[in-house]
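Visitor: Protein chains in written order, with the numbering used here: chain A, 18 to 329; chain B, 18 to 329; chain C, 18 to 329; chain D, 18 to 329.
By construction, the Cβ of each residue, glycine as well, lies at the ideal position given by its N, Cα and C atoms.
Only a predicted model underlies this, so the values are computations on that prediction, with no experimental measurement involved.
Number of protein chains: 4
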Amino acid sequence: MPGTPPTRFTYLGPAATFAEQALRTVPAAARAELVPSATVAEAIAAVRSGDADAAFVPLENSVEGAVGATMDELAAGDPLVITREVLLAPVFGCYVRAGTDLADVKTFASHPHGEAQCRRWVRENLPQATFAAARSTADAAAGVAGGEYDAAVCAPVAGERYRLTEVGHDIADNTGAVTRFVLLSRPAAAPPRTGDDVTSLVAYIAHDRTGALLEVLTEFAVRGINLTRIESRPTKEQLGRYCFFLDCTGHVGDARIGEALMGLRRICADLRYLGSYPRAGQDGPHDPPPGTSDEDFADAAAWLARVREGGV
Amino acid sequence: MPGTPPTRFTYLGPAATFAEQALRTVPAAARAELVPSATVAEAIAAVRSGDADAAFVPLENSVEGAVGATMDELAAGDPLVITREVLLAPVFGCYVRAGTDLADVKTFASHPHGEAQCRRWVRENLPQATFAAARSTADAAAGVAGGEYDAAVCAPVAGERYRLTEVGHDIADNTGAVTRFVLLSRPAAAPPRTGDDVTSLVAYIAHDRTGALLEVLTEFAVRGINLTRIESRPTKEQLGRYCFFLDCTGHVGDARIGEALMGLRRICADLRYLGSYPRAGQDGPHDPPPGTSDEDFADAAAWLARVREGGV
Amino acid sequence: MPGTPPTRFTYLGPAATFAEQALRTVPAAARAELVPSATVAEAIAAVRSGDADAAFVPLENSVEGAVGATMDELAAGDPLVITREVLLAPVFGCYVRAGTDLADVKTFASHPHGEAQCRRWVRENLPQATFAAARSTADAAAGVAGGEYDAAVCAPVAGERYRLTEVGHDIADNTGAVTRFVLLSRPAAAPPRTGDDVTSLVAYIAHDRTGALLEVLTEFAVRGINLTRIESRPTKEQLGRYCFFLDCTGHVGDARIGEALMGLRRICADLRYLGSYPRAGQDGPHDPPPGTSDEDFADAAAWLARVREGGV
Amino acid sequence: MPGTPPTRFTYLGPAATFAEQALRTVPAAARAELVPSATVAEAIAAVRSGDADAAFVPLENSVEGAVGATMDELAAGDPLVITREVLLAPVFGCYVRAGTDLADVKTFASHPHGEAQCRRWVRENLPQATFAAARSTADAAAGVAGGEYDAAVCAPVAGERYRLTEVGHDIADNTGAVTRFVLLSRPAAAPPRTGDDVTSLVAYIAHDRTGALLEVLTEFAVRGINLTRIESRPTKEQLGRYCFFLDCTGHVGDARIGEALMGLRRICADLRYLGSYPRAGQDGPHDPPPGTSDEDFADAAAWLARVREGGV
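1) Check this for me: beta carbons of C/C260 and C/T245, under 8 Å apart or not?
2) Spell out whether any CB of chain C is found under 8 Å from the CB atom of B/G164.
3) Please check if any C-beta of chain B sits within less than 8 Å of the C-beta of C/S54.
4) Would you say D/A49 and D/F109 are within 8 Å of each other, going by their C-beta atoms?
5) Along chain C, in chain order, which residues have C-beta atoms closer than 8 Å to that of B/A63?
6) Between D/P31 and chain A, is there a C-beta pair that is closer than 8 Å?
7) Give me the DSSP bridge partner(s) of A/P53.
8) Using CA atoms only, rank isn't needed, just tell me which of A/V161, A/A169, A/A146 and A/T124 is closest to A/G131.
9) At 4 residues or longer, and completely inside the region 65 to 152 of chain C: list those alpha helix (DSSP H) runs for me, N to C.
10) Taking C/S338 and C/A157 to be in contact with their CB atoms under 8 Å, please state how far apart those CB atoms are, rounded to whole angstroms.
11) Is B/G275 buried or exposed, if buried means 16 or more other CB atoms sit within 10 Å of its CB?
12) With burial defined as no fewer than 16 other Cβ atoms inside 10 Å of the residue's Cβ, what is the status of D/G163: buried or exposed?
13) In whole angstroms, what is the alpha-carbon distance linking C/A55 and C/S153?
14) Which class does B/G298 belong to by DSSP, given the choice of helix, strand or coil?
15) Are the region 234 to 245 of chain A and the region 301 to 309 of chain A in contact at 8 Å, needing three or more beta carbon pairs?
16) Less than 7 Å between C-beta atoms, sequence neighbours within five positions excluded: which residues of the same chain meet that for C/F314?
17) Would A/E236 and B/V239 qualify as a contact pair, given that the criterion is a beta-carbon distance under 8 Å?
18) My assumption, with CB atoms under 8 Å, is that B/Y221 sits in contact with B/A286. Please give the rounded CB distance.
19) Please list, in chain order, all residues of the same chain as D/A58 whose beta carbon is under 8 Å from its beta carbon, the five residues on each side excluded.
20) Is it buried or exposed, C/L256, if we count other Cβ atoms within 10 angstroms and call 16 or more buried?
21) For A/N142, decide whether its Cβ has a neighbour in chain D, counting only Cβ atoms nearer than 8 Å.
22) Quick one: what does DSSP say D/P44 is sitting in, helix, strand or coil?
23) Going along chain C, which residues have a C-beta under 7 Å from B/E246?
24) Comparing the C-beta of B/G308 with each C-beta of chain C, is any distance below 8 Å?
25) Within 8 Å (strictly less), CB to CB, does D/P19 reach chain C?
26) Using the three-state DSSP reduction, which class does B/I247 fall into: helix, strand or coil?
27) Taking B/S217 and B/G292 to be in contact with their CB atoms under 8 Å, please state how far apart those CB atoms are, rounded to whole angstroms.
28) Beta-carbon of A/F148 versus every beta-carbon of chain D: anything under 8 Å?
29) If you check the beta carbons only, do A/D167 and A/P295 fall under 8 Å apart?
30) Does the beta carbon of A/W138 come closer than 8 Å to any beta carbon on chain B?
31) Apart from the five residues on each side of it in sequence, which residues of its chain come closer than 7 Å, Cβ to Cβ, to B/V113?
32) If you compare alpha carbons, which of C/R283, C/V199, C/D187 and C/A317 is closest to C/V233?
33) Tell me whether the beta-carbon of D/F2 lies closer than 8 Å to the beta-carbon of D/A39.
34) Output, in sequence order along the chain, the residues in the region 195 to 216 of chain C whose CB is closer than 8 Å to any CB in chain D.
35) Closer than 8 Å by beta-carbon distance: list the chain C residues that pair up with D/Y290, in chain order.
36) Excluding five sequence neighbours on each side, which residues of the same chain lie with their C-beta closer than 8 Å to the C-beta of D/D187?
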């Protein structure tokens, strides 16, 4: 559309690292301008200030990012919402300049976390090589292209970008690791319900007392809502105060989720809604437990209205 | 108002027993036609059929009625609602024909329950007298008036009705007993909120399983609602199924009560609303626990509406 | 055994009423001396003073007794325990002197509750007869034998005792009613476990606050214990204090019941153990829920002991 | 003691980073041999194999370690226990060779996380300098000593070790961050109770169903135990299975903690005890909530024993 500026996504950079690789799986990113940010905090600040429309950052188990930073940014400052999640199993490769043999590699570079995750492959295949720490796995690839190092342990996207040759494929020790990335925007209506959605929250508990967390969880349980993630974090303002990051199954548009959110809003010292969005790796719509569908809520509300007016 | 038939109340008779005495404390009864029924079942049937506008029957700890009958009638058949409760501490007296001395009493009559409750006074004051069972304490008084017995152990209202002379005042052994009477009508909008109301329910639990009752009570607890009475009763239709009579603090028009009722409606095999009405012996409005007032519910609902539209 | 005085049972009399009929189903009663008491309070006092070894009284839904009296007696005074329960569906009959025809009956007697329960049969079969209240159904039968009334509505045991002729068999309107009788003794070790036992308690709650009852029930739920009866009663000493009569599935000797009792003992203002005894109408041993058997408790205790000593 | 080999502690290296700095605050470390490990996994493997007596690794919010690695190592493999925790607020400084002025710094080195945390100070004080990623903050300091870089952003312990000059003190942007380190050993009896202890657990939930986590938390709440940390983690073996890292207030030797552990042992698919140890930053012994002290448990146990034997 002439005159419409393209959507601008920023992501935890540098370019050609895992965040970019994950972001490329999001359809909307195909038409968007993609801009790396140096840190999670910078990416998020760009969204808050309006410089970017959305930020794509790791939320759990990141290979080279500071996930705690994402959580702390979400818990404080102007509210943001998650509109999408992407799960990525980081795939490391070993990349060299064309013509280099493995046996010729004297120095290999990576982010220290990347080096730590591929140590077995390196021991067996590059026993003679010295490790050089790079600021990122992409920097390592750039350094290989520039002749600074002989090999890089990095994401395939970086190998491609710098036109390197792959000499080791899928070389990480632990293949089970998955990083969860989220796309953050300024507050907006949630994407439509799919029947298999996640709603994320941060709940602040007034006092660190026995049973306070139990009360929070009861608001979910009493409405048949499944929690898929819970993580406590001390708040920075005050020792002994806690906040909880919670992911639950359902969409803010669901009656049962709405009622639970209102309940939390009433009992928590503070409650921050972090968005509803399709579950990554959906396996189709799930029925809510008996008595908790929107129809069940509507039936009960209709019954209550009748009773209040003197009917049965 | 010309042409308007008077309100017709029926009560657990016979006339001049404790139910009538309690009913006379209800202001609306002053303008109503009062008709005794022989049993709780008959009184309730009269309301269901439209022969009476309301029935006044004992619900707990009755001296001469069958309270289980009231509960069973409320739990089955066409729905009825409680619109008022009255607490009455039964006051027994001993009544004779004018001119009779205590020492002359050879036979005294009462309902067997009345006799049981005044045994100490009788032992000390009528050691020479023989007990005669009467169908009711009022029958006992009528029998004294008719010359059948020498004395009656009955309610003061019966002594007055039959123009007898009181020779023993407030003679019951146990002065702590209180009977709770309720005024029942066909389904109608509840009386206005007073700030100190009771809501009564019958909840039917689908299966007699561990935790089912806990789920019911959690619907109240999660909304800060106080239960003041709970009584399980086996249902007659099916062995191992239970229903629970529940009284809670609050009015069906309160947001927190409404939400709890809807929750019960969704999880119970069946739910019967038995009315909201002013607490007997009110000591003034009570504030609901923090986070559970109508304002708190309205605030939370407004917040949810904003969040769903993309606000904060 | 020479020199051993027989066991002495007292029961809610008079003789030949339903309590005696129920007591006759207890094997131990065959060898015992059976003595009626005039009231539940007298029966219980006889056990407390040592005049009787056990009292047999109604606890729920009694036809002609004051069940509230039993509960109040159990909740206060010296502790007693239930050692057995008996469920009896009251069977009323109509009894006359030999030679009397139904059509000749001019007066029929019963306890007022008995009359109330058989009203339909009376209306159809004795439309011409006048009701005379008796102190008990047994008194009614005695009065027929003595020529005072023409017919008695009473228990078969009374008809037999007074050698009357049955002219109406099983005549009660409502055949679903069941009365639960209990055999009470001074504190003693519970009868052996059968695998289908009941444990009865009275729990006193310190303050009438939201969630206090929920805490009590959680002590059961967390250990997989099923509640089969719960009944709140205001305590007489203090307005706003409550006690709860609780029946749960299991035996005081079960590990899960023991741990729950200790938990209640710690959190309740007071706790009264009312005994463990075989469930009436047993249908065989039931397995406790997964994780709550005595073996599960023993395994967990052994594990904890190892962990505390530094093992795994 | 002659002949006794010294205790051997390994820690997440390299030497002269924050883990070593934190470990030096532990009194026992003064007499121990301290050996860096390249990764958390290596440190933990050394303890499991017996090569080291204890491992000192970050568990939460680490600046330059992989905390997820610590959790995953604790959740699987041979059991280990935490015997001590240390909280460290990472203090960064800027270090140069003697004689270097800030204005002369052309390259500064750090672990990428260190660079990220001190960006504001660097922007204001080293606007002209280029960042060089190092494998660790200690490597950065070593590189300065060796003449490879002009300045290092690292821990004071590294500045001292390499005899560098501090030109920036406490330069991190965010001063609220704290890393929690733990000392891990093979299973052993816990250190003695101090009255302000932490017990750590990993609970595995059989099925990802509504209410399963609530059941786990109820085992704590019902015994008045405070949870200070909860973190869910997907287990690697099976999608949809979860484990929960839990920290609670109390010691495995406390009666209430012991009973809760037994309860969890019975209901969880698996339960791993991770140790009891003094809370870092203790502010003195805390009384447990009413009804949950060891005396309360002992009283309740004595009462149950009496009741089981027929007493009161």
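Guide: Taking the definition as stated:
1) no
2) no
3) no
4) no
5) What B/A63 touches in chain C: nothing, since even the nearest Cβ is about 15 Å away.
6) no
7) A/Y28
8) A/A169
9) 84 to 92, 129 to 134 and 136 to 142
10) Any answer about residue 338 of chain C is impossible in this case: the structure gives chain C only from 18 up to 329.
11) buried
12) exposed
13) 10 Å
14) coil
15) yes
16) A272 and R273
17) yes
18) 4 Å
19) A86 and E90
20) Note that C/L256 has pLDDT 49, beneath the 50 cutoff, so the model's placement of it is unreliable and no number is given.
21) no
22) helix
23) As written in the sequence, residue 246 of chain B is Arg, which differs from the Glu given in the question. Near B/R246 (Cβ distances below 7 Å), the residues of chain C are S249.
24) no
25) Only weak support exists for where D/P19 lies, its pLDDT of 49 falling under 50; the value from the coordinates is given anyway. Output row for D/P19: interface = no.
26) strand
27) 6 Å
28) yes
29) no
30) no
31) V122, V161, D167, A168, L181, T182 and V184
32) C/R283
33) Residue 2 of chain D is absent from the model: chain D starts at 18 and stops at 329.
34) P204, A205, A206 and A207
35) V324 and V329
36) V108, F109 and G110
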